[in-house]
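Asks: Following our numbering, the numbering of the sequence shown begins with 551 at its first residue and continues without gaps.
For each residue, glycine too, the CB sits at the ideal point set by N, CA and C.
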Amino acid sequence: MSNKSQQCLNILIDVSKNKSKITYGDLAKKIGVAAQGIGRFLNEVYNDVVIEQGFPDITLLAVYAKKDYGLYNSRGNTAQSVEFDPNDAAQMAMYLSDRQKVYAQWS
Numbered sequence: 551m552s553n554k555s556q557q558c559l560n561i562l563i564d565v566s567k568n569k570s571k572i573t574y575g576d577l578a579k580k581i582g583v584a585a586q587g588i589g590r591f592l593n594e595v596y597n598d599v600v601i602e603q604g605f606p607d608i609t610l611l612a613v614y615a616k617k618d619y620g621l622y623n624s625r626g627n628t629a630q631s632v633e634f635d636p637n638d639a640a641q642m643a644m645y646l647s648d649r650q651k652v653y654a655q656w657s
């Protein structure tokens with residue numbers, strides 16, 4: 551994992567300990583990258599933490615500024631493979647349940 555991705559993970563762990571969320575923009579600012587570039591580092595975190603280590607998807611804590619969710623909930627599949635539909639009640643329930651698993655893991 552790159553240094554920026556490790557920084558990203560450390561911030562997400564701190565966010566999880568507070569049972570909170572962080573916007574993509576704030577996360578990008580904290581690691582010193584443009585907001586448009588944060589996805590690359592979130593994907594590295596996802597691949598290391600979720601795919602390789604089998605932990606809950608901590609990248610779910612990164613959200614849009616005006617929403618309570620992010621763009622993907624890939625649920626252990628390839629990063630960015632399952633786009634999240636907030637209007638689908640079943641997907642929203644899974645998303646919120648998965649976020650609670652993150653809080654339980656890193657609190």
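#1: Would you call the CB atoms of I572 and A629 closer than 7 Å?
#2: Quick check on this structure: which residue in A584, G587, E594 has the alpha carbon closest to the alpha carbon of N560?
#3: Judging by CA-CA distance, which residue of K554, K617, A585, D648 is the nearest neighbour of I608?
#4: Assign Y653 to one of three DSSP states: helix, strand, or coil.
#5: Look at the Cβ atom of L621, then the Cβ atom of V652, and state whether they are nearer than 7 Å.
Replies: Per the coordinate set shown:
#1: no
#2: E594
#3: D648
#4: helix
#5: no
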